[in-house]
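Participant:
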Amino acid sequence: MSSTPVALVRRLTAALALGACSLTPALAAADSGGAPSPDALADKLVVDGRPMPVQSVGSTPMAGIYEVQLDSGETFYTDRSGEYLLVGSLYHNNGKRLVNLTEQAQNQQRHEAVSAIPDSETVVFRPAGEVRAVLTVFTDTTCPYCQKLHHEVPELNRRGIEVRYLAFPRAGLQGEGARELRRVWCSDNRSEAFTAAIDGDTGQGSASCDSPVAKQYRLGQQLGIQGTPAIIFPDGRMVPGYLPVDRLIGMIDQQQQADADNG
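Those letters in the sequence shown? Residues -28 to -1, 1 to 235, per mature numbering (1 follows the signal peptide of the UniProt record, and there is no 0), in order.
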């Protein structure tokens, strides 16, 4: 079993069966001593003689507990000494219900990350009329469930749902999926090339352009994506795997109703 620092965090996460997420700045309460700097804490977070790749350190609503995010996207919590690690979700008991702060923050992080990607770097399938909602899907044209989902995109479009595809070659950047995706992204008509690739015609396009496939693959890894399709809803929630049209529409309707009730 790997003993790298990142693998350690992954093992802790798997052992607790909880996702690691980051807190939003609005949720981060200032500790009396202030959060340690990434460099200062990184010097203390050493596993098997190797430092963890610390990207950021932030305070949490719990005094003395700090959020640490690694370059690879994993997040965990530690004390100022870096001697004790907590992997899991942080909840707020507001007296009425438990609010999963880490889940909220993870959704926000995903929403901001995918929203920052311009349409010029995606493959977009838009409704003819009004757009009710946008689904962002990390996809791989060699993935059978991605193919199944794409065959239902016309129905999603008819119901007012826009689908934006991002590239996530599940076998890595050297696999056949990555080569197909690069051809799609380098095509003069990405939507046509994407549909053709889904249907088995991989001859369209060229793999010689400066495509964003590698960048999107790394982003997917940072967001915790491990397979395709990975569907990200307008509020940043992520569902791994295929869902039928009615289920997708139901989840969108439910979220929009909740937003209306809370607004």
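No residue lacks a Cβ here, since even glycine has one placed at the ideal position from N, Cα and C.
Going straight from the alpha carbon of residue 236 to that of V95, what length do you get?
Facilitator: Missing from the structure shown is residue 236; the chain here goes from -28 to 235 and no further.
Participant: Tell me which same chain residues have a C-beta within less than 6 Å of the C-beta of L70, skipping the five on either side of it?
Facilitator: Against the sequence shown, residue 70 aligns to sequence position 98. Within the same chain, L70 has close Cβ partners Y63.
Participant: Just to confirm, is the Cβ distance from E134 to V106 under 7 Å?
Facilitator: Residue mapping note: residue 134 aligns to position 162 of the sequence shown, counting from 1. Residue mapping note: residue 106 aligns to position 134 of the sequence shown, counting from 1. Yes; because the gap between Cβ atoms is below 7 Å, this pair is in contact.
Participant: For the pair the segment 199 to 215 and the segment 70 to 81, tell me if three or more CB-CB distances fall below 8 Å.
Facilitator: yes
Participant: As an exercise, report each continuous beta strand (DSSP E) stretch of at least 3 residues that is fully enclosed by the segment 161 to 189, in chain order.
Facilitator: none
Participant: In angstroms, rounded to a whole number, what distance separates the CA positions of G222 and M34?
Facilitator: Locating residue 222 in the sequence shown gives position 250, counting from the first residue. Locating residue 34 in the sequence shown gives position 62, counting from the first residue. About 36 Å.
Participant: Between L128 and V217, what straight-line distance do the alpha-carbon atoms span, to the nearest angstrom?
Facilitator: As a first step, residue 128 is located in the sequence shown; it is residue number 156 there, counting from the start. As a first step, residue 217 is located in the sequence shown; it is residue number 245 there, counting from the start. One C-alpha to the other measures close to 7 Å.
Participant: Would you mind stating whether G192 and R142 have Cβ atoms separated by less than 7 Å?
Facilitator: As a first step, residue 192 must be located in the sequence shown, where it is residue number 220. As a first step, residue 142 must be located in the sequence shown, where it is residue number 170. Cβ distance not < 7 Å, so G192 and R142 don't count as in contact.
Participant: So, are the CB atoms of I203 and V86 less than 7 Å apart?
Facilitator: Position 231 of the sequence shown, counted from the first residue, corresponds to residue 203. Position 114 of the sequence shown, counted from the first residue, corresponds to residue 86. Going by C-beta atoms, I203 is not nearer than 7 Å to V86.
Participant: What number of angstroms, rounded off, separates the C-alpha of P116 from the C-alpha of A168?
Facilitator: On the sequence shown, residue 116 is found 144 positions in, with the first residue counted as 1. On the sequence shown, residue 168 is found 196 positions in, with the first residue counted as 1. For P116 and A168, the distance between alpha carbons rounds to 14 Å.
Participant: Is the beta carbon of D43 less than 7 Å from the beta carbon of Q27?
Facilitator: The residue labelled residue 43 in the question sits at position 71 within the sequence shown. The residue labelled residue 27 in the question sits at position 55 within the sequence shown. Yes, Cβ-Cβ distance for D43 and Q27 is below 7 Å.
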